[in-house]
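For the working numbering, add 27 to where a residue sits in the sequence shown, where the first one is 1.
In this text, a Cβ means the ideal position worked out from N, Cα and C, and glycines have one as well.
If you're wondering where the values come from, they're calculated on a predicted model, not measured in any experiment.
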Amino acid sequence: MTVHPDLEAERAYLTRAYEHLAAMRARARQAAAIAESAAQAVDSAIARAHLEHRVRSLDDDVPGLAFGRLDDEDGARWYVGRRHVEDERGEPVVVDWRAPVSTPFYRATAADPLGLRRRRRFLMTGRQLDDLFDEVFDDPDSVDAAHHGGIPDPLLAELERSRTGEMRDIVATIAAEQDVVIRAPLDTCLVVQGGPGTGKTAVGLHRAAFLLFDHREALDREGVLVVGPNPLFLRYIAQVLPSLGETAARQTTVERLVGGRVRAFDTPEAARIKGDARMATVLARAARQHLRPPADDVEVATPWGAVRLPAAAVREVVDEVAGRVERGVPFATGRSAFRTRLRRLARLAHEAARGDGAAPADQFEAAWAGNAEASALAGRIWPSLSAPALVKRVLTNRRALARAAEGVLEPVEQAAILRKGGRRIDDEPWTVAELVLVDEAEALLNGVRRTYGHVVVDEAQDLSAMELRAVARRCPSRSMTVLGDLAQATAPGAQAAWGDVVRLLGSPDTARVEELELGYRVPAPIIEVANRLLPAVAPGVRPARSVRPDGRAPVVVGVGEGGDLAGEVAARAVAAAAAWTSVGVVVPEPLVGAVGDALAAVGAGFGSSRRPGRSDAITLLAPPEAKGLEFDAVVVGEPAGFLAGGSSGGPSGDPADALAADPAGGRLLYIALTRAVQELTIVHAAPLPPPLT
């Protein structure tokens with residue numbers, strides 16, 4: 028094997044780079060210690076917080092500190108890496124991958140080298156430099172030899188590495204189409220459609236890291252929010268931003284974002300209706316219907332005599348302030364404004380009645396503000412409302428729901444969401460969709476209490492309209508990265524078109540949709556089998572193309588009717604775990620228990636969403652839990668069971684009929700089939716859906 032002549036020199040350079048990073052961290056620690064002992068407590072606390080953040084960002088236990096080198100045509104040389112590193116004189120040793128000077132590392136081509144003479148890529152294992160890979164742009168033969176099907180060798184090597192159960196950053200292998208998305212301006216509301224393995228999740232997280240670098244002061248102050256589909260997914264992506272030196276982002280799910288405790292579960296139809304954007308109108312009307320302007324004139328006693336308020340004048344004030352609420356002013360703010368306007372109306376009525384004998388304006392309004400009778404009147408007309416109580420009344424009171432939903436929801440839809448209430452509001456059996464409604468009501472009544480400078484939302488195709496509204500409220504600037512794949516939309520109320528998503532986010536002027544076409548994770552023999560499902564379950568979605576033409580074809584194992592399906596799935600998973608670092612087992616929900624028992628029977632340790640904190644090689648999942656995850660090897664059990672017709676097929680008993688009748692189930696099967704990076708095994712007892720035969 029030929030050794031690159033520069034290998035040892037580059038190893039020595041990277042060793043020095045690590046030494047410089049350690050020195051930078053030591054200096055930051057020393058500065059933090061000085062701030063700790065500073066005399067001014069408040070100033071010291073602020074300085075210490077900034078310095079401690081810098082210490083964390085200078086973590087020197089980082090693999091692959093530099094992953095490439097750029098040689099400009101003018102002789103300048105830059106090492107590109109995960110951290111900015113400088114020597115004791117302040118000269119750059121490694122430039123951050125997000126710096127403008129690093130852009131050509133990702134976008135230079137033979138046709139447009141962007142001022143480069145050479146791009147050198149490093150193949151590394153941890154801190155160890157294994158090999159070099161050069162593209163010399165004034166030597167076409169060098170550039171052509173450096174690629175296989177357009178893919179640099181370091182990327183192929185990275186794709187072949189075993190998965191560890193956590194998503195890795197992709198800074199060393201960002202493709203040009205991904206880099207365009209990552210470096211989109213802060214004010215852009217970017218929607219990214221990407222099939223399995225196109226790297227959309229990694230791209231979204233790297234865009235967050237890029238924006239934190241490019242707009243540090245603003246986003247450190249305003250914060251970055253990452254919304255994922257479930258806690259298992261959040262654990263999977265948890266280390267990506269910290270590996271890039273970023274620790275300021277909050278990662279959560281919609282359920283955790285809106286708060287509250289889930290105590291019940293909706294039927295799919297009820298979840299769909301409760302997640303419909305029309306529910307925002309229902310809640311707004313329900314709040315409006317709590318306003319009770321008087322039918323007759325009212326009188327209030329004051330120290331200067333009774334004040335008579337004409338009913339028409341009070342109604343005019345209510346309507347004027349309620350109009351502001353309809354335009355976005357919180358209900359509680361409107362209540363305060365109404366009390367102010369009512370006090371002014373009373374003063375004018377008093378002055379009109381008493382003429383020169385009227386009390387001074389400031390004295391009258393002060394007396395009115397402390398008048399219990401006046402306060403009670405205002406409370407009857409414009410009462411104080413709580414979000415949980417408002418939502419509970421809509422969902423549990425047939426008459427209240429009918430009034431608020433008249434002309435908005437059909438009677439059959441109203442019947443689908445009407446339920447029995449709990450004895451106390453604290454015991455209310457809230458579902459996830461209902462907690463989202465409580466969040467909508469809270470914003471309607473009291474405004475939004477916490478917002479962010481940028482929001483990343485993954486698996487967005489599965490968010491209901493009301494969930495999208497909840498996320499959008501947290502980002503008034505609409506600086507967002509919205510990631511998803513319409514072919515993987517399976518939840519009740521899921522989205523069918525990105526144009527609808529943009530509309531639900533408020534149709535920001537800066538919104539645009541980008542599509543990632545190339546799949547980097549799933550080998551072509553696997554993705555081509557999974558793509559056979561798309562004409563039936565997602566006909567409008569363009570099939571993903573894999574950059575990995577080679578790879579193992581899926582293995583299909585039939586156990587026969589009455590065979591030990593769970594035992595065979597477990598055996599295949601154990602065999603895969605002997606060869607690979609991570610194995611995913613995805614089976615229909617009714618089979619999870621049996622497969623778990625079969626794994627336990629053979630002594631195989633396994634983790635699942637129900638067993639958090641496990642680090643076993645095997646992870647057992649129901650179909651929805653597999654979204655966004657990847658494994659070296661995947662075992663999919665009983666594909667027909669993913670469909671509503673189950674093993675018996677659809678209404679006619681035909682598996683093809685089941686696929687057409689249940690596109691959401693077909694999409695879950697598509698998700699399961701596209702989680703494998705290296706090896707896919709399909710185990711079945713019932714007949715396979717026709718596209719897989």
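Can you tell me where the beta strand (DSSP E) holding W525 begins and where it ends? It is not in any beta strand (DSSP E) - W525 instead sits in the alpha helix (DSSP H) that spans 525–531.
Nearest-angstrom Cα separation, counted from R154 out to T42: 9 Å
At 3 residues or longer, what runs of the beta strand (DSSP E) sit wholly inside the region 287–352? 325–327, 334–336
Start-to-end residues for the beta strand (DSSP E) that takes in T701: That residue, T701, is in no beta strand (DSSP E); it is neither H nor E in DSSP.
Give the DSSP bridge partners of H711, in chain order. G585
Which residues mark the beginning and the end of the alpha helix (DSSP H) in which Q205 is found? 203–209
Secondary structure at H6, three-state DSSP: helix, strand or coil? Residue 6 lies beyond the residue range present for the chain, which begins at 28 and ends at 720; the question has no answer from this structure.
Please return the same chain residues whose Cβ sits closer than 6 Å to the Cβ of P415, not counting the five positions on each side in sequence. I452, V465
From V529 to R539, what does the alpha carbon distance come to, in whole angstroms? 8 Å
Beta-carbon within less than 8 Å of P716's beta-carbon, same chain only, minus the 5 sequence neighbours each way: which residues are those? L560, P666, A667, L670, P682, A683, A685, L686, G693, L696
Could you pull the start and end residues of the beta strand (DSSP E) that P119 belongs to? 119–123
Per the DSSP calculation, I645 is bridged to which residue(s)? V610, F633
Of the residues V345, T329, D323, the one placed nearest P337, counting alpha carbons only: D323
Are the CB atoms of R496 and V475 nearer to each other than 8 Å? no
Checking 8 Å against the spacing of the C-beta atoms, do V89 and Y106 come in under that value? no
Local conformation of L510 per DSSP, three classes: strand
If you follow the alpha helix (DSSP H) that A460 is in, where does it begin and where does it stop? 459–473
Mind checking who R572 pairs with in its DSSP beta bridge? L545
Excluding sequence positions up to five away, which residues of its chain have a Cβ less than 6 Å from the Cβ of P552? G578, A580
Would you tell me roughly how many angstroms separate the C-alpha atoms of T136 and D165, rounded to the nearest one? 11 Å
Give me the Cα-Cα distance between G677 and E204, rounded to the nearest whole angstrom. Model confidence at G677 stands at a pLDDT of 47, short of 50, so the residue's coordinates are unreliable and nothing is read from them.
Rounding to the nearest angstrom, what Cα-Cα distance links A172 and A138 in this structure? Annotation note: pLDDT 44 at A172 (below 50); position unreliable, coordinate value reported separately. Taking the straight line from one Cα to the other gives about 15 Å.
Between which two residues does the alpha helix (DSSP H) harbouring E494 extend? 492–500
Whole-angstrom C-beta distance between A660 and E706, which should lie under 8 Å: 4 Å
Please name the residue in D196, P615, K419 whose C-alpha comes closest to that of E273. D196
Cross-strand partners of T152 (DSSP beta bridge): Q155
Give the range of the alpha helix (DSSP H) segment to which W395 is assigned. 388–396
What's the C-alpha gap between T294 and R425? 19 Å
Unbroken beta strand (DSSP E) run spanning F658, endpoints: 658–664
How big is the Cα-Cα spacing for A93 and T152? 12 Å
Under DSSP, the beta strand (DSSP E) around Q725 begins and ends at which residues? With the chain running from 28 to 720 in the structure shown, residue 725 is simply not present.
Distance, Cα to Cα, A653 vs A699? 7 Å
Closest to L545 by C-alpha separation, out of R312, G332, I201, would be which residue? I201
Rounded C-beta distance between A386 and H377? I'm assuming under 8 Å. 7 Å
Does the beta-carbon distance from W9 to V289 come in below 8 Å? With the chain represented from 28 up to 720, any question about residue 9 goes unanswered, as that position is not in the structure.
7 Å Cβ shell around R315 - same chain, five flanking residues per side excluded: A349
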